[in-house]
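Q: Be aware that the sequence shown starts at 26, since it is given in the working numbering, and climbs by one per residue. One structure, pasted below without further comment.
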Amino acid sequence: MSPRADVILQNGPIWCGREEGVAEAIAIWQGRVLAVGRQSEIAPLIGPKTRVIDLNGRLATPGLNDSHLHLVSLGFMMSWVDATPAAAPSLDALLSGIRTRAAKTRPGEWILARGYDQTKLDVKRHPYRTELDEAAPDNPVMLVRACGHISICNSRALELAGINENSSAPPGGLIEQRNGSLTGLLAENARGPVWAVIPSPTEDDLVAAIERGGRYLLSYGITSCMDAAVGQRGGFAEIAAYHRAKREGRLPVRTWLTLLGDPDRTIVPQCYEAGLISGTGDDMLMIGAVKYFLDGSAGGRTAWMSKPYLGEDQTTGIKILTDDELNELVMDAHVKGYQLACHAIGDAAIEQLITAYERALAAIPDPDRRHRIEHSGFSTPEQHRRMLKAGIYPCPQQVFIYDFGDAYVSVLGEERGLSSYPFRTWFDLGLKPATGSDAPVCDPNPFPNFYSMLTRKTWKGTVMDAHERVTIEEALQAFTEFGAFSQKLENTKGRLVEGQLADVSVFSRNLLTATPEDILDNTYCDLTIRGGAIVYDRLGVT
Ligand SMILES: [Zn+2]
């Protein structure tokens, strides 16, 4: 006799995958999909202990996979001062948020804030050091831009970091001065000394951040994610924190760990020594890839472009590593058996990265290593050709179009800006683009992500090259199956087929038939199931 299901979902469309289409019911047993099909086919699997969930016409899909975010940072950021455009549309609002926090913070303790975007602030410029000084005279303050690549520090923070007017910026960094005085703006590698003097988090802090961030993801139907820079906050201790979180039942989402490999803060040698290479782990927690940063962000004018930014003949962004350095780093990780997932946004950075990947793959061929290009915002047709040939995949975040599309046009011009993140192009080439949020860069809310995949519209309504639109089924495929593919786990999860992990998201509205506007503004995740267990229930009625 066939086993009886633990859980059955029925009475609503169940989108099982792009090829599989829609089923009427799904049966789950021991954390995996037992069967999908017509309601009459699944009904015999109902036993006395089966929990039957009535979808009431709502849509169920495979659990979403945010293929690039920063879970630890997201969790921490949720306790920082919220300087995102929604919370602080004006400079005054931003400063008053910092002032309020300062009133509750002991003198000398750090105040951290994050999420501002100068293009969305009323003053259309970065805040100044002196303004942060006024808001919090007795505390060191670091305000991080939405992109995560630029920080504004107040005088106390700069002092503690030993940065003054005579400091010279390290290679791949920028310490901004105006009229011989520090503005407080630091970019890329110049921020190291500040991070170095911010007290590092304890293991308890790290576990709490993982749990806080992960629960937030579940509330959006996200059951899997990739942490894109493990080690960024807590070094190698983050590995222990993740394992403890899992052990204690405090790891809410399946997490694929990308190890930070940048030479000044790498955790790769320690991981390698401990036997932690790509694929080590289990369904909940797995070592994924190794990451190096090649450039910054386009909106912050630090993405490394082959041609200058608009109106700044000398500015082509920031090149973080020399070709030799990158080639050596990539080769080292490739030889050790790691998949790579390096940050490259500008076309020049992508070129440098593809070249390094090709060299490594030529030296030690591995047709299915699936080295990834994180973001890959400004890749060119010629680069796509090389990526296809070598088996290199773009891992973009389509919500960037929604949040930053207008900024791309303003700093790079229409020709380069509008066609950025060419999703349809990648799709049609077979480059299987995943999608994600890069949280806390963008909110992990998947609905603006879907909206921009369907419409190519920014939050302002600008259409960013309508040719790059995809259908809702393609968007769902990117958010589920291709997310799994980017982690080499497409045979384990990402579709609702017999034997795959029973990760299911239930949405308040049928995404397959809803307008993009309704998906953006009027849709919720109602229910999240991970491994057959209900892990989020918005209405609390199931
Ligand atoms: Zn990232």
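By construction, the Cβ of each residue, glycine as well, lies at the ideal position given by its N, Cα and C atoms.
Identify every residue that forms a DSSP beta bridge with Ala-212.
A: Ile-175 and Leu-199
Q: Heavy atom of ligand 1 less than 8 Å from the Cβ of Gly-304, yes or no?
A: False, no ligand heavy atom lies under 8 Å from that Cβ.
Q: Does the beta carbon of Asp-323 fall short of 8 Å from some heavy atom of ligand 1?
A: Checking the displayed sequence, the identity of residue 323 turns out to be Ala instead of Asp. Outside the cutoff, so no.
Q: How big is the Cα-Cα spacing for Asn-535 and Thr-553?
A: 15 Å
Q: Output the distance between the C-alpha atoms of Ala-221 and Asp-528, rounded to the nearest integer angstrom.
A: 39 Å
Q: With DSSP as the reference, identify every bridge partner of Leu-34, one or two as the case may be.
A: As a beta-bridge residue in DSSP terms, Leu-34 pairs with Ile-51 and Ile-78.
Q: Would you say Val-466 touches ligand 1, meaning its beta carbon is less than 8 Å from a heavy atom?
A: yes
Q: Would you list the one or two residues that DSSP bridges to Glu-337?
A: According to DSSP, Glu-337 bridges with Tyr-334.
Q: List the residues that DSSP assigns as beta-bridge partners of Val-58.
A: Ile-53
Q: Could you tell me whether the Cβ atoms of Tyr-2 and Phe-510 are closer together than 9 Å?
A: Residue 2 is absent from the structure shown; the chain starts at 26 and stops at 567.
Q: Shorter than 8 Å, the distance from the beta carbon of Ala-254 to the closest heavy atom of ligand 1, or not?
A: Yes, Cβ of Ala-254 sits closer than 8 Å to a heavy atom of ligand 1.
Q: Opposite Pro-87 in the DSSP bridges: which residues?
A: Val-529
Q: Out of Leu-185, Leu-231, Gly-197 and Asp-229, which has the shortest C-alpha to C-alpha gap to Ile-209?
A: It should be noted that the sequence gives Gly, not Ile, for residue 209. Taking only the C-alpha atoms, the option nearest Gly-209 is Leu-185.
Q: Considering only the alpha carbon of each residue, which of Glu-190, Ala-266 and Gln-55 lies closest to Thr-227?
A: Ala-266
Q: Report, in whole angstroms, the separation of the C-beta atoms of Leu-157 and Leu-168, which I expect to be a contact under 8 Å.
A: 7 Å
Q: Given Leu-354, which residues of its chain have a CB within under 6 Å of its CB, disregarding the five upstream and five downstream residues?
A: Tyr-317
Q: Have a look at Pro-288 and Arg-29 and give me their C-alpha separation to the nearest angstrom.
A: Distance between the alpha carbons of Pro-288 and Arg-29 is about 53 Å.
Q: Using 8 Å as the cut-off, classify the Cβ of Leu-526 as near or not near the heavy atoms of ligand 1, replying yes or no.
A: no
Q: Inspect the beta-carbon positions of Val-360 and Ala-385 and report whether they are closer than 9 Å.
A: yes
Q: Please name the residue, chosen from Asp-357, His-174, Ser-533 and Gln-35, that lies closest to Arg-563 on a Cα-to-Cα basis.
A: Ser-533
Q: With 16 as the cutoff for other CB atoms within 10 Å, does Pro-390 come out buried or exposed?
A: Only exposed fits Pro-390, as fewer than 16 other CB atoms lie within 10 angstroms of its CB.
Q: Could you compute how far the alpha carbon of Ser-244 sits from the alpha carbon of Pro-473?
A: 15 Å
Q: According to DSSP, Trp-135 sits in a beta bridge with which residue or residues?
A: Note: Trp-135 sits in no beta bridge, so no partner.
Q: Start and end of the beta strand (DSSP E) containing Pro-419?
A: 418-420
Q: Given a cut-off of 9 Å, decide if Asn-164 and Arg-181 are closer than it, judged by their beta-carbon atoms.
A: yes
Q: If we ignore side chains and look at the alpha-carbon of each, how far apart do Cys-367 and Asn-179 end up?
A: 31 Å
Q: Round the Cβ separation of Glu-493 and Phe-448 to the nearest angstrom and send it over; I've been treating them as touching at under 8 Å.
A: 5 Å
Q: Evaluate Gly-524 with the Cβ neighbour count: other Cβ atoms within 10 Å of its Cβ, from every protein chain shown; 16 or more gives buried, anything less gives exposed.
A: exposed
Q: Please state if the CB of Arg-43 and the CB of Glu-376 are separated by a distance shorter than 9 Å.
A: It is not a contact, given that the beta carbons lie outside the stated cut-off.
Q: Alpha carbon to alpha carbon, how far is Gly-197 from Ile-343? Give it in angstroms, no decimals.
A: In this structure, the straight-line span from the alpha carbon of Ile-343 to that of Gly-197 is close to 6 Å.
Q: Smallest Cα separation from Gly-217: which of Asn-191, Val-434, Ile-175 and Val-232?
A: Ile-175
Q: Report yes if the C-beta distance between Val-97 and Leu-211 is below 9 Å; otherwise report no.
A: no
Q: Tell me, please, whether the CB atom of Asp-117 is closer than 9 Å to any CB atom in chain D?
A: Protein chains in the displayed structure number just one, and chain D is not present.
Q: Look at the alpha carbon of His-409 and the alpha carbon of Leu-378, and state the distance between them as a whole number of angstroms.
A: 13 Å
Q: Under a three-way DSSP split, which group does Tyr-561 fall into?
A: strand
Q: Would you say the beta carbon of Gly-173 is closer than 8 Å to some non-hydrogen atom of ligand 1?
A: yes
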